[in-house]
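Engineer:
Residue numbers (full-length UniProt numbering): 1 to 249.
(1) Quick one: complete beta strand (DSSP E) runs, 3+ long, within the segment 25-112?
(2) Using only the alpha-carbon positions, how far apart do residue 72 and residue 218 sit?
(3) Ordered along the chain, which non-local residues of its own chain (more than five positions away) have a Cβ less than 6 Å from that of residue 2?
(4) Rounded to the nearest angstrom, what separates residue 78 and residue 206 at their Cα positions?
(5) Note down the Cα distance separating residue 123 from residue 101, rounded to an integer number of angstroms.
(6) The alpha helix (DSSP H) spanning residue 210 covers which residue range?
(7) How should residue 235 be labelled, buried or exposed, when 16 other C-beta atoms within 10 angstroms of its C-beta is the threshold for buried?
(8) The alpha helix (DSSP H) spanning residue 225 covers which residue range?
(9) Kindly indicate which residue of 216, 65, 119 and 60 has the alpha-carbon position closest to the one of residue 153.
(10) Check this for me: beta carbons of residue 26 and residue 75, under 9 Å apart or not?
(11) Since residue 35 and residue 45 are thought to touch, with beta carbons under 8 Å apart, how far apart are those beta carbons, to the nearest angstrom?
(12) Alpha carbon to alpha carbon, how far is residue 105 from residue 116?
(13) On the DSSP letters alone, give me the boundaries of the beta strand (DSSP E) that residue 19 sits inside.
(14) Apart from the five residues just before and just after residue 144, which ones in its own chain have a Cβ nearer than 8 Å to its Cβ?
(15) Looking at residue 189: is its Cβ nearer than 9 Å to the Cβ of residue 213?
(16) Residue 120 and residue 7 look like a contact to me (Cβ under 8 Å); what is the Cβ gap, rounded to whole Å?
(17) Given residue 146, which residues of its chain have a CB within under 7 Å of its CB, disregarding the five upstream and five downstream residues?
(18) So, with DSSP's three-state summary, where would you put residue 10?
(19) Kindly indicate which residue of 148, 160 and 109 has the alpha-carbon position closest to the one of residue 30.
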């Protein structure tokens, strides 16, 4: 894994015992079933009430229990969690309780999937709070910027607008986004708008021109250009494919 942003995925585990290590940190968060795991000399389970944090370089053993175990897995570059010194064998247990905030996010992923661009950062911050309440999570100014963008993605926004909402300078805002998301604030905003627009295209028959205007794009041409660049096809082609694949239900 490179030094980019955190990566979120859904994974299934079925019975076979596996052991490996990786050069990035990882949260293993429960959805269904039970995953038996051993890490840093501690044995336990990832289940409905318990999650696990696996630090980079740790050799961990795991095995799915039951018919199928499904987990949300969040991979994080080492530099993102430098403040968490959890590599030592005599360090704290890798297992921690799933609190209410984390449970709500996992329920959202279970029903809606991992496509929302805001999810990796939100889950990282929430899981860090549950794992170590005093550990450094997302900076407050970044969280303020993200909340502002989520609430107003449908409006014309500039970097100066977002920086003002986060009580920081545009240059500092750029640095925060590069560090925590791997992209610029406006690139993040465009992806956020496209994520919301894809939902509108999948679920309903609102004209594409109207979707463009209600999702922060100046006109249909700008929307189509951004959509094709990010998704690889036009909004109309995406809508037709989703209908053929039965994804509009």
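Beta carbons: idealized from backbone N, C-alpha and C, even for Gly.
Structural biologist: Result, derived from the coordinates:
(1) 25-39, 42-46, 50-54, 60-76 and 95-97
(2) 36 Å
(3) Here the model assigns residue 2 a pLDDT of 45, short of 50, so the residue's position is not dependable and the matter cannot be decided.
(4) 43 Å
(5) 9 Å
(6) 208-214
(7) buried
(8) 220-231
(9) 216
(10) yes
(11) 7 Å
(12) 12 Å
(13) 18-20
(14) 165, 166 and 167
(15) no
(16) 7 Å
(17) 118 and 121
(18) strand
(19) 109
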